[in-house]
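Chains as they are written, first to last, in the numbering used here: chain B, 69 to 325; chain S, 16 to 474; chain Y, -2 to 339.
Where a beta carbon is used, it is the ideal one built from N, C-alpha and C, also for glycine.
Here is the structure we will look at.
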């Protein structure tokens, strides 16, 4: 069984995140780059399965700038067996269509039985890539799973549906994504860190994958970017025993209740 | 006496009396269930505010509990019923003088803020209690706080050159100053450091800074027996000067592994986390020598890295220790220390207490200082277990005293450990403490009940 | 797929069709987001609803869509259990696409909506705009608005060419379309297997209808949201937030700290990781307001915060902040509102 985890490096959402107001691209220097929290959970699903399975291999795939290599190494330290990094200037500002094309091409190159991703990234908030990739690869998708069970030939789990939850099952090969309900990821320990140094990490360009960033297909482009004005604080009072009443008056006056 | 009178002697906005807000000022991290409800909280903004508050209290015999960030672990800033909590949270200016490599700081500034301000000038304020991001310098002075790098760089007092202190009668005095050498008169600066707010209220501190620490090389070693690990500690600390030498025992390792799944050896009896911050080539040499000493003492596995980020990940195991053990139940947190050659006896003795009382004790230690933090874990809903934990808590301190050690290395006596103070320092030293306290604070208005027994003080 | 009933009316052909996928609950009711999806669509062109309903419920759902402004509705009926995942939804949307040649397709930004958008985008080779908070039309076509990095930035995007597929964030759009008499067209699904080759789709083996214990409005679409944090101290204490929510007819939310502490269900989490809400009124009780929480609620029109800690960051963005104990303030608030008959 070969599991590939889609690894995303994101600006740390606990710190300040900035967009360049001219290019609309993320200001890479503005914030620390970290492994997206939800990716950590995807890695945990893969690694904990691999620990219990007879023959399972966990490969990690990241599409992103050179800095993503450090994130891939950290992820290898959590227990991945190999890492794959697509890095190319042509990827700057890539839309979802191009990103999905690149990931699908890389997955075809690496080979896989099961692909695991986080459901929604903390920077892009799209939640579309896993299913787009599945469709490009012609495999089943089972996204936003709140619980995951992996067997030799299938993957199953639960997810939200309109008015309830559904249990879904997909034959392998398949692409799944997991939600925050999955267990916390493990910390990379010193043994993992030391062994990660020796694990293979391969890089690819778009040309290696036969993807053309400039291809004339419909793309989403950014027209404008502006900073949202900072929210100002208003009235602040200390409760002297009548704050509840004063709040009631405030709400009534503004017709909020 | 009403709080309005207090409000009238202070500028507007300093005095808080509404119960909801005052609630936030009644406890420190010791969470003393006996904490009183204060008459008022004063959020001082200047030395003059502190003086006015203390004078007001002195005239009326009202207790004053000075308070930094409330991160204390011994109940040193637990509020006293009917007293005034004197919070220093708004006094947090920091001025760094790179020329003399000193900083003049107000007591409310966080340790981390002082570190950051020094860092801007390529300088470093070393003392690093684990709470450095949430504890104040004033609190650090009050408890003479330590931390992880003390093994090489010393504790808070080693970096304090001068103080401004408001005395119990409201006078402000300046002691010491930006001078490395100063032997004029008794060393009163030292007298106030570690006095837990019982002798005066510190309103300004002159700190000594040193050049920024070099990135460390980090080593982790595991051992099959406690004996091997404590002997390795002794061998290392008697021949090397690591900048960190931390110890974790088996219950701690397992709690951390439960919380992090980082692949720690659950069977190891102990683990050491060691750093060298010598310049690169020497750091490697030092760490290799330390590695050799670990193996000589039957270390199971030893890893090291010169990469600072990886080093940080190595240290996570130690940093996670208290939060990880906290997930196992309520904690009683000890702070006992012994001379290094007795570390093995202490560790074994604590293991015996744990077995006798059937209480999980997870042990972490700033091993290079001989300063240990046994964490007694109990289920608060199990009354019998809770009682056994409290018994064991006292027994650990008795054991430390027996081994020529201290009941507290860096957290302070506060209100929690006061019953053990006399046993530890002895009658004569206690008498000296009482005489000094009476001389400086005859009305016992400054943090009464902390460190010294108010009844014993009067006799 | 075959079309069993077709009744093409006289239409203003100059106005582009905007397809809107409208989710239906097992009861046959439209999901609350229908009004804003159709409202957003009406700002761009003619709203055309697409509905896949439980057996026998299609027609009523189509009429409800008309009430929300759908000028035309495609409906089909099916059974969730035993069908393939997403595929039936995709098939109805694709059939409606074929019939209308839409300029844009709007789906809700939820678990199923995202899958529909993703599959449709790859299948039709169309550009996609995700987590959209508003739309408008300029001289070149459809423009989507996004709120980036926890609403720190506002951006606009558009497709280079072709149809734009949009996943719309719930609660973000205020536009509503006037009620219409929709032309209803019924589609027939060819069983559950559909056109997918075997082995390339997940199947739904079980459906469990959620039994909502409370009648509280859904957090995402609620006009008022009351959220509780760690400061409420316990699971029992958290009920204070529930009480106020019920008093105000508000949705109930929670901070991550409260969820992690086990005070509230995960589905209530507001913030960077969790639900993003844009209510008219957001009341935060015992929430310190870390950046992560703010990312999920700072676009609320009015923010009220009650916290014991005067330094809590939530006060930096609150329109009305109370330094005090929520357990004192909230009961008094409820009492006063009742007394004033609000």
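What does a CB cutoff of less than 8 Å around residue i pick up in its chain, not counting 5 residues either side in sequence?
| i | result |
| --- | --- |
| residue 135 of chain B | 77, 96, 101 |
| residue 118 of chain Y | 124, 125, 162 |
| residue 10 of chain S | In the structure displayed, chain S extends from 16 to 474; residue 10 of chain S sits before or after that span and is not available. |
| residue 174 of chain S | 140, 141, 142, 222, 223, 224 |
| residue 204 of chain B | 168, 169, 172 |
| residue 277 of chain S | 271, 331, 332 |
Which whole-angstrom value describes the C-beta separation of residue i and residue j, a residue pair presumed to lie in contact below a C-beta threshold of 8 Å?
| i | j | result |
| --- | --- | --- |
| residue 82 of chain S | residue 102 of chain S | 5 Å |
| residue 210 of chain S | residue 157 of chain S | 7 Å |
| residue 148 of chain B | residue 111 of chain B | 7 Å |
| residue 248 of chain Y | residue 282 of chain Y | Actually they do not touch by this definition, with Cβ atoms about 14 Å apart. |
| residue 422 of chain S | residue 439 of chain S | 5 Å |
Residue i and residue j: beta carbons closer than 8 Å?
| i | j | result |
| --- | --- | --- |
| residue 289 of chain Y | residue 318 of chain Y | no |
| residue 316 of chain Y | residue 302 of chain B | yes |
| residue 339 of chain S | residue 288 of chain S | no |
| residue 58 of chain Y | residue 50 of chain Y | yes |
| residue 213 of chain S | residue 45 of chain S | no |
| residue 166 of chain B | residue 197 of chain B | no |
| residue 314 of chain Y | residue 224 of chain Y | no |
| residue 457 of chain S | residue 463 of chain S | no |
| residue 240 of chain B | residue 181 of chain B | yes |
| residue 259 of chain B | residue 144 of chain B | no |
| residue 232 of chain Y | residue 260 of chain Y | yes |
| residue 117 of chain B | residue 178 of chain B | no |
| residue 121 of chain Y | residue 206 of chain B | no |
| residue 239 of chain Y | residue 222 of chain Y | no |
| residue 183 of chain B | residue 74 of chain B | yes |
Skipping 5 residues on each side, what residues in its chain have a beta carbon closer than 7 Å to that of residue i?
| i | result |
| --- | --- |
| residue 114 of chain Y | 104, 125, 162, 164 |
| residue 129 of chain Y | 141, 142, 143, 163, 164, 165, 166 |
| residue 190 of chain Y | Its pLDDT being 47, under 50, residue 190 of chain Y is placed unreliably in this model, and the coordinates cannot settle the point. |
| residue 273 of chain Y | 166, 293 |
| residue 208 of chain S | 156, 159, 171, 172, 175 |
| residue 210 of chain B | 223, 225, 236, 238, 242, 244 |
Buried or exposed: where does residue i fall if 16 or more other Cβ atoms within 10 Å of its Cβ makes it buried?
| i | result |
| --- | --- |
| residue 259 of chain S | buried |
| residue 262 of chain S | buried |
| residue 94 of chain B | buried |
| residue 473 of chain S | exposed |
| residue 201 of chain S | exposed |
| residue 194 of chain B | buried |
| residue 300 of chain S | exposed |
| residue 88 of chain B | exposed |
| residue 106 of chain S | buried |
| residue 198 of chain S | exposed |
| residue 52 of chain S | exposed |
| residue 236 of chain S | buried |
| residue 433 of chain S | buried |
By Cβ distance, which residues of its chain are closer than 6 Å to residue i, with the 5 residues on each side in sequence left out?
| i | result |
| --- | --- |
| residue 52 of chain Y | 74 |
| residue 141 of chain S | 164, 168 |
| residue 410 of chain S | 368 |
| residue 81 of chain B | 190 |
| residue 19 of chain Y | 27, 31, 46, 48, 62 |
| residue 279 of chain Y | 222, 294, 297, 300 |
| residue 107 of chain B | 75, 76, 186 |
With a threshold of 7 Å, establish whether the CB of residue i neighbours any heavy atom of the ligand NAP.
| i | result |
| --- | --- |
| residue 369 of chain S | No copy of the ligand NAP appears in this structure; indeed no ligand is present at all. |
Check your understanding: Does the count of Cβ pairs from the region 192 to 210 of chain S and the region 67 to 82 of chain S closer than 8 Å reach three?
Key -> In short, these stretches do not touch, since the Cβ pair count stays below three.
Practice item. For the region 123 to 140 of chain S and the region 211 to 230 of chain S, state whether three or more C-beta atom pairs, one from each stretch, are separated by less than 8 Å. Key: Segments in contact, yes.
Practice item. Flag this pair as touching only if the region 37 to 45 of chain Y and the region 146 to 155 of chain Y have three or more C-beta atom pairs under 8 Å; answer yes or no. Key: With a cut-off of 8 Å, the region 146 to 155 of chain Y and the region 37 to 45 of chain Y do not count as touching, because too few Cβ pairs lie within range.
Review point. Contact between the region 116 to 134 of chain B and the region 149 to 156 of chain B: three or more CB pairs below 8 Å?
Key: Under the three-pair Cβ rule at 8 Å, the region 116 to 134 of chain B counts as touching the region 149 to 156 of chain B.
Review point. Do three or more CB pairs link the region 287 to 305 of chain Y to the region 255 to 268 of chain Y at distances below 8 Å?
Key: Segments in contact, yes.
Practice item. Please confirm if the region 391 to 407 of chain S is in contact with the region 359 to 378 of chain S, defined as three or more CB-CB distances below 8 Å between the two stretches. Key: The answer is yes - the region 359 to 378 of chain S touches the region 391 to 407 of chain S, with three or more Cβ pairs under 8 Å.
Point to revise | Segment contact flag, the region 340 to 359 of chain S with the region 266 to 283 of chain S, C-beta cutoff 8 Å, min 3 pairs | key: Yes, the region 340 to 359 of chain S touches the region 266 to 283 of chain S.
Review point. Counting Cβ pairs, one atom from each stretch, are 3 or more of them under 8 Å apart for the region 82 to 98 of chain S and the region 32 to 50 of chain S?
Key: The region 82 to 98 of chain S vs the region 32 to 50 of chain S: in contact.
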